[in-house]
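Below you'll find the structure, written out as structure tokens, and then a few comments.
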Amino acid sequence: MAKPVIEVRNLGIEFYRSRRRRMSLREMVLKGQNSAPNETFWALKHITFDVARGEAVGLVGGNGSGKSTLLRMIAGVMLPDEGHATVRGRVAPLIELTGGFLGELTARENVYLAAGLHGLTKEQIDARFDEIVDFAGPQVKAGMDMPFRHFSSGMQVRIAFALITTLDQPVVLVDEVLAVGDRAFREKCYERMENMLSGGKTLFLVSHSEHDLRRFAERGLYLRSGELKGDGPIDEVIAQYNADADADAAS
Amino acid sequence: MIGVSQFRGLMANRQVLRTLVERDLRVRYAGSVLGWVWTVLDPLLMALVYFVVFTLIFTSREAGHQPYFLHLVTGLFLWQWFAQNMSETSRALLSEARLVRSANLPRELWVVRVVLAKGIEFLLTLPVIAAFTIFYMITGQTQLHWTIVFMPVALVLTFLLSVGIGMILAPVTVLVNDMARVVRIALRLGFYATPVLYSADMAPPVLQTLLAFNPMSGILELFRAGFFRGEMNLLSVTSAVVLTIVLLLVGSVVFKRLEPAVLKEI
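Dropping the structure here:
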């Protein structure tokens, strides 16, 4: 059997309970200690699973259950305190979509910059440029030489989504971004995601929308306060999550 | 070995590094027609001020190497690059927080990229130094020596030293609130603890020994060697090389150690 595309082994990450563990030199020198509370908790612990090539996995769980943290560690933009998350092949992270974009540069320059950050050469971007702009829509196309900050936030997300999904990376991570964009664009996004799936891409999706989860994912992973509680067909996992949520609401 | 794998990671992403440096320069020079002029004007005006203060007001005959204005220009230009490296690398991760959070790249890249971009800006100011040198050569006040070959060595050392210290400053600034302030003060003190305005051999012996342990002191010695006749202080040059290597290693260890904590904070 081929090696799994995503391999997560005994993954754990520890956070400080206070929002800011920022230390202050002045305090450390004057009081000899750091006033920020140093109580910690494990946001994720003992997480182990594999995702095979071409699989579509939906991650289910309440707020603060560690879904986004897990996704970030798979994307490699956060590092675990124990265990490891290995991804074989490059990742297209639909996480912080406009993260790589700069307001003062034009949309065109931004496309080249952001695609460059994801490892594309100039020639590769040249070849895909039209596809990206076409997908983002005619309003965007007309303003490609406008500073990026002059675009509306919806337009900004359109360009970013078009760009990242055009990267053609084998693994796609999606964090709640399907809720953005207007109705027409959302339909286009769905279509594109389905194309990616039928094209053999591996999809890892975080969402609170049962509709989205059922539509894209076959397998579900259920996180509850940092632990992996369920792993199975998406319908069963959603049912398990709903049962837990109802039980919590009742108690 | 630590450091080697980081270097490999950087080399694998040199295309990205190039993109980022190009972007930095574009943002800097697209914003204003005077972009380049600003880079040159600041140290040039400071050189003029110090020149007036030390030769016209204090009427010091031997403020540094002669011609003194060339001594100031060489020192201030290189110091400006170094000082900007320090203040910019300390903000390198914070100011690009969104990018750091969204792109899976070796995080050292953000430090190297700043030093590289500032380095290119510095290289673009070299013609100004060349112009002054030519002027003083024509008027017979100076001549170039073979030791000019050490100039590129000085630049490589400045680059490596900045990356080394930057890899300590960048993560620490994310975790410690008032680090940026400390860097600012340290830079201001460091300016006078470095033979920018004066030359090291004018200092009393005890201070000379102390100065030798400031890596920028030896680097400046190498940088200026070709412009001015005089013995190079071997102690300070050796210590500059050793300290640069040590700081580069310490920097890569510190960076690796703090990286997970930084990524949680940012």
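If you read the sequences in order, they're chains A and B. Using this note's numbering, the letters of the first sequence correspond one by one to residues 926 to 1176. Using this note's numbering, the letters of the second sequence correspond one by one to residues 121 to 386. No residue lacks a Cβ here, since even glycine has one placed at the ideal position from N, Cα and C.
Minimum Cβ-Cβ distance from residue i to chain B less than 7 Å
i	result
Ala1000/A	yes
Gly1125/A	no
Met1177/A	Nothing can be reported for residue 1177/A: it is not among the residues displayed for chain A, which extend from 926 to 1176.
Test: residue i CB closer than 7 Å to a CB of chain A
i	result
Thr139/B	yes
Arg148/B	no
Pro291/B	no
Leu130/B	no
Arg377/B	no
Arg304/B	no
Arg143/B	yes
Leu383/B	yes
Pro187/B	no
Pro324/B	no
Pro387/B	Residue 387/B cannot be examined here, being either before or after the span of chain B that is shown, 121 to 386.
Assumed close pair residue i, residue j - CB separation to whole angstroms, cut-off 8 Å
i	j	result
Thr293/B	Arg227/B	13 Å between Cβ atoms; not a contact.
Ala1000/A	Glu1143/A	About 21 Å; that fails the 8 Å criterion.
Gly987/A	Ala1170/A	7 Å
Leu244/B	Gly346/B	About 20 Å; that fails the 8 Å criterion.
Thr965/A	Glu939/A	5 Å
Gly117/B	His185/B	Because chain B in this structure spans residues 121 to 386, residue 117/B falls outside the shown range and cannot be described.
Ala360/B	Pro335/B	4 Å
Thr1127/A	Arg978/A	6 Å
Val135/B	Gly1041/A	The question names Val, but residue 135/B is Gln in the sequence shown. About 7 Å separates the two Cβ atoms, so the contact holds.
Ala1010/A	Leu936/A	6 Å
Boundaries of the alpha helix (DSSP H) in which residue i is found, first to last residue
i	result
Thr253/B	228-258
Tyr387/B	The structure shown does not extend to residue 387/B, since chain B spans only 121 to 386, so no value can be given for it.
Lys970/A	Note, Lys970/A: premise wrong, no alpha helix (DSSP H); beta strand (DSSP E) at 965-976.
Ala290/B	270-295
Val220/B	217-222
Pro1063/A	1063-1067
Thr194/B	188-210
Glu1034/A	1032-1042
Met299/B	299-312
Arg997/A	992-1000
Met131/B	124-132
Test: residue i CB closer than 7 Å to a CB of chain D
i	result
Arg134/B	Absent from the structure: chain D. Protein chains present are A and B.
Start-to-end residues for the beta strand (DSSP E) that takes in residue i
i	result
Pro1005/A	No beta strand (DSSP E) holds Pro1005/A; DSSP gives it neither H nor E.
Glu932/A	931-941
Gly983/A	981-985
Leu1019/A	1016-1019
Any non-hydrogen atom of the ligand GTP within 6 Å of residue i CB
i	result
Ala250/B	With respect to small molecules bound, the structure shown includes none, and the ligand GTP cannot be examined in it.
| Under 7 Å (Cβ pairs) to chain B, residues found in the region 1009-1029 of chain A | Val1016, Pro1018, Ile1020, Glu1021, Gly1024, Gly1025, Glu1029
| request: With 8 Å as the limit, tell me which residues of the region 207-229 of chain B have their beta carbon closer than that to any beta carbon of chain A; keep them in chain order. | output: Arg218, Leu219, Val220, Arg221, Ser222, Ala223, Asn224, Leu225
| query | Taking only runs of the beta strand (DSSP E) that begin and end inside the region 1086-1111 of chain A, which ones reach a length of at least 3 residues, in chain order? | reply | 1096-1100
| What are the complete alpha helix (DSSP H) segments, minimum 4 residues, inside the region 1113-1166 of chain A? | 1135-1141
| request: Output, in sequence order along the chain, the residues in the region 1073-1103 of chain A whose CB is closer than 9 Å to any CB in chain B. | output: none
| Listed in chain order, which residues of the region 1028-1048 of chain A have Cβ atoms closer than 8 Å to some Cβ of chain B? | Glu1029, Leu1030, Glu1034, Tyr1037, Leu1038, Gly1041, Leu1042, His1043, Gly1044, Thr1046
| field | Segments assigned alpha helix (DSSP H), at least 4 residues, entirely inside the region 323-370 of chain B | value | 325-331, 335-344
| task | Scan the region 1059-1071 of chain A for residues whose Cβ lies nearer than 7 Å to a Cβ of chain B and list them as they occur along the chain. | result | none
| Members of the region 1151-1173 of chain A near chain B, C-beta cut-off 8 Å | none
| said: For the region 1129-1146 of chain A, list every residue whose C-beta sits within 7 Å of some C-beta in chain B, in sequence order. | reply: none
| Contact list for the region 932-943 of chain A against chain B, Cβ threshold 7 Å | Phe940
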